[in-house]
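Below: one structure, written as structure tokens.
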């Protein structure tokens with residue numbers, strides 16, 4: 054469970070909310086306060102986005118695209134509330150990048166804004182693909198049940214990508230984590246971390262590894 058905070062204007066707003074959550078949890082005798090997810094949808098929140106992501110109780114930051122565009126009072130055109138302009142306008146691109154960078158700096162989860170096209174479910178999947186591959190987002194909001202499956206599919210590793218990860222980690226294990234060449238490409242501890250993370254997350258989602266030595270890592 055988590056509590057969502059919309060319309061924050063600054064890091065001070067989010068900090069005040071987190072303090073309230075802690076005090077309430079203490080008064081109720083809860084072992085741990087509920088985690089906080091903050092919507093970044095104002096210029097002030099974007100200005101403080103790294104400070105917001107650094108707050109210990111904050112678990113995730115979501116980009117509120119429509120309110121962010123509206124908050125610029127016409128300086129950003131309405132077309133930027135949807136694709137393709139949302140991935141093209143410089144101020145919106147900056148916001149997406151800053152939110153994702155802040156989250157990854159502090160180990161938080163960046164969540165992408167909604168897709169307003171409710172007639173074409175695949176449009177949400179296309180947005181999710183861009184959000185992950187080009188902007189580093191790990192989650193995305195849906196506003197219609199038909200959008201859920203395309204979003205989940207887009208944000209999940211491909212079968213080919215997981216097989217590649219298995220090959221790299223298998224050879225890393227055989228080499229006792231020394232650098233190796235796989236398909237003519239160098240891999241070392243940097244790429245091992247990436248592929249290990251991919252496999253760990255896939256395993257948590259029910260993925261069955263094809264290689265026996267990889268499956269044994271999570272058995």
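Numbering (the numbering used here), first residue to last: 54 to 272. Ideal Cβ placement from N, Cα and C applies to all residues, glycine included.
Query                                                                                                       : Result
Cβ neighbour criterion (16 or more within 10 Å) applied to residue 198                                      : exposed
Cβ contact check for the stretch 218–227 and the stretch 184–201: 3 or more pairs under 8 Å                 : no
Residue 254 versus residue 260 - alpha carbon distance                                                      : 9 Å
Inter-residue spacing [alpha-carbon to alpha-carbon] between residue 79 and residue 57                      : 19 Å
For residue 96, the first and last residue of its enclosing beta strand (DSSP E)                            : No beta strand (DSSP E) holds residue 96; the alpha helix (DSSP H) holding it covers 96–100.
Cβ contact check for the stretch 133–146 and the stretch 161–174: 3 or more pairs under 8 Å                 : yes
Proximity of residue 88 and residue 110 at Cβ, strictly below 8 Å                                           : yes
Beta carbon of residue 243 nearer than 8 Å to that of residue 189                                           : no
CA-to-CA distance, residue 151 to residue 170, given in whole angstroms                                     : 25 Å
Inside the stretch 54–130 only - beta strand (DSSP E) runs reaching at least 3 residues                     : 55–58, 88–93 and 111–116
Cβ neighbours of residue 124 in the same chain (closer than 8 Å, five flanking residues each side left out) : 94, 95 and 96
DSSP state of residue 135 mapped onto helix, strand, coil                                                   : coil
Unbroken stretches of the beta strand (DSSP E), 3 residues or longer, contained in the stretch 156–219      : 162–165
Separation of residue 178 from residue 206, as counted between CA atoms                                     : 7 Å
DSSP beta-bridge partners of residue 235                                                                    : 238
With 16 other Cβ atoms within 10 Å as the buried cut-off, status of residue 83                              : exposed
Three-way DSSP call (helix, strand, coil) for residue 244 in this model                                     : helix
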